[in-house]
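Chains as they are written, first to last, in our numbering: chain A, 1 to 216; chain B, 217 to 226. A short write-up of the structure that comes next.
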Amino acid sequence: MNIFRFLGDMSHILSFVILLLKITQGKSAAGISLRTQELYMIVFCSRYLDLFWNFSSLYNSFLKVVFIACSSAIVYIIRFKSPQKDTWNPELDNFPIQYLIGPCAVAGLLINQDWTPFEMIWAFSIYLEAVAILPQLFLLQKQGEVENLTSHYVAALGAYRGLYLMNWVYRYFTEDDYLQRIVWFAGTVQTGLYIDFFYHYYQSKRGGLSRPVKLP
Amino acid sequence: LMADAPKDEL
Numbered sequence: 001m002n003i004f005r006f007l008g009d010m011s012h013i014l015s016f017v018i019l020l021l022k023i024t025q026g027k028s029a030a031g032i033s034l035r036t037q038e039l040y041m042i043v044f045c046s047r048y049l050d051l052f053w054n055f056s057s058l059y060n061s062f063l064k065v066v067f068i069a070c071s072s073a074i075v076y077i078i079r080f081k082s083p084q085k086d087t088w089n090p091e092l093d094n095f096p097i098q099y100l101i102g103p104c105a106v107a108g109l110l111i112n113q114d115w116t117p118f119e120m121i122w123a124f125s126i127y128l129e130a131v132a133i134l135p136q137l138f139l140l141q142k143q144g145e146v147e148n149l150t151s152h153y154v155a156a157l158g159a160y161r162g163l164y165l166m167n168w169v170y171r172y173f174t175e176d177d178y179l180q181r182i183v184w185f186a187g188t189v190q191t192g193l194y195i196d197f198f199y200h201y202y203q204s205k206r207g208g209l210s211r212p213v214k215l216p
Numbered sequence: 217l218m219a220d221a222p223k224d225e226l
């Protein structure tokens with residue numbers, strides 16, 4: 001464990017806290033993409049199948065359960081719970097996620113760390129996580145302006161994988177024969193998708209004023 | 217395929 005990875009996990013947890021607060025206290029899922037939340041639920045449920053046999057640390061196992069529980073709760077609330085479910089707009093949040101799931105599934109089958117079913121599913125979840133934010137970014141693009149809490153949510157989510165990139169660099173230079181090419185590639189793509197958002201987020205928060213984030 | 221490091225990360 002190193003500071004980058006720890007801060008990355010804390011940033012990821014923060015993103016869950018912000019989103020859960022927003023939809024439970026704010027009683028609204030406006031501006032939040034259910035599609036992205038569904039993809040994250042698939043990512044965590046598929047990646048953390050090894051919860052039952054890969055016990056690398058209590059920290060890991062605990063957070064795996066937390067991530068599966070939170071992502072599932074978020075999907076449940078936005079899909080089924082009133083009044084949140086009425087604030088979800090299927091016309092706006094209509095990114096064809098089958099075009100994300102399909103290619104990631106094929107990539108997981110072809111490019112993975114071993115030919116076992118779990119390794120293929122694991123690789124699939126890594127690739128899917130890299131593109132899971134797309135429906136959310138498209139929804140924000142359509143709306144032009146980003147609600148304050150939502151902007152902090154997306155920023156925390158982007159920072160989490162960005163900090164993981166630093167963690168991988170750190171581990172590469174401090175551990176011998178440390179290789180994680182699949183997550184390195186996917187993590188780079190994932191963080192790259194946030195670059196544009198980060199630029200607008202920084203511009204809007206720079207003056208210390210909480211001017212709303214505007215996406216062109 | 218690519219026997220990378222064991223999965224010790226989230």
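No residue lacks a Cβ here, since even glycine has one placed at the ideal position from N, Cα and C.
To which residues does DSSP link residue 214(A) through a beta bridge?
145(A)
Nearest by alpha-carbon distance to residue 68(A): which of 120(A), 13(A), 99(A), 22(A) is it?
13(A)
With a threshold of 6 Å on Cβ separation, who are the neighbours of residue 159(A) within its own chain once the five nearest residues in sequence on each side are excluded?
11
In chain B, which residues lie with their C-beta within 8 Å of the C-beta of residue 203(A)?
Chain B residues near residue 203(A): none, gap ~31 Å exceeds 8 Å.
Rounded to whole angstroms, what's the CA-CA distance from residue 186(A) to residue 152(A)? Just pull it up for me.
23 Å
What separation, rounded to the nearest whole angstrom, lies between the Cα atoms of residue 31(A) and residue 205(A)?
19 Å
Go to residue 64(A), then tell me how far its alpha helix (DSSP H) extends in each direction, as first and last residue.
For residue 64(A), the enclosing alpha helix (DSSP H) stretches over residues 58 to 80.
Taking just the CA atoms, how far does residue 36(A) sit from residue 81(A)?
18 Å
So, under 8 Å CB-CB, residue 95(A) and residue 138(A) are touching, yes? Tell me the CB distance rounded to an integer number of Å.
5 Å
In whole angstroms, what separates the C-alpha of residue 63(A) from that of residue 130(A)?
19 Å
Helix, strand or coil for residue 90(A)? Go by DSSP, reduced to three states.
Secondary structure of residue 90(A) (DSSP, three-state): coil.
Rounded to the nearest angstrom, what separates residue 154(A) and residue 110(A) at their Cα positions?
30 Å
Please decide whether residue 179(A) counts as near chain B, where near means a Cβ-Cβ distance under 8 Å.
Residue 179(A) counts as touching chain B.
For residue 76(A), the nearest candidate out of 199(A), 23(A), 146(A) (CA to CA)
23(A)
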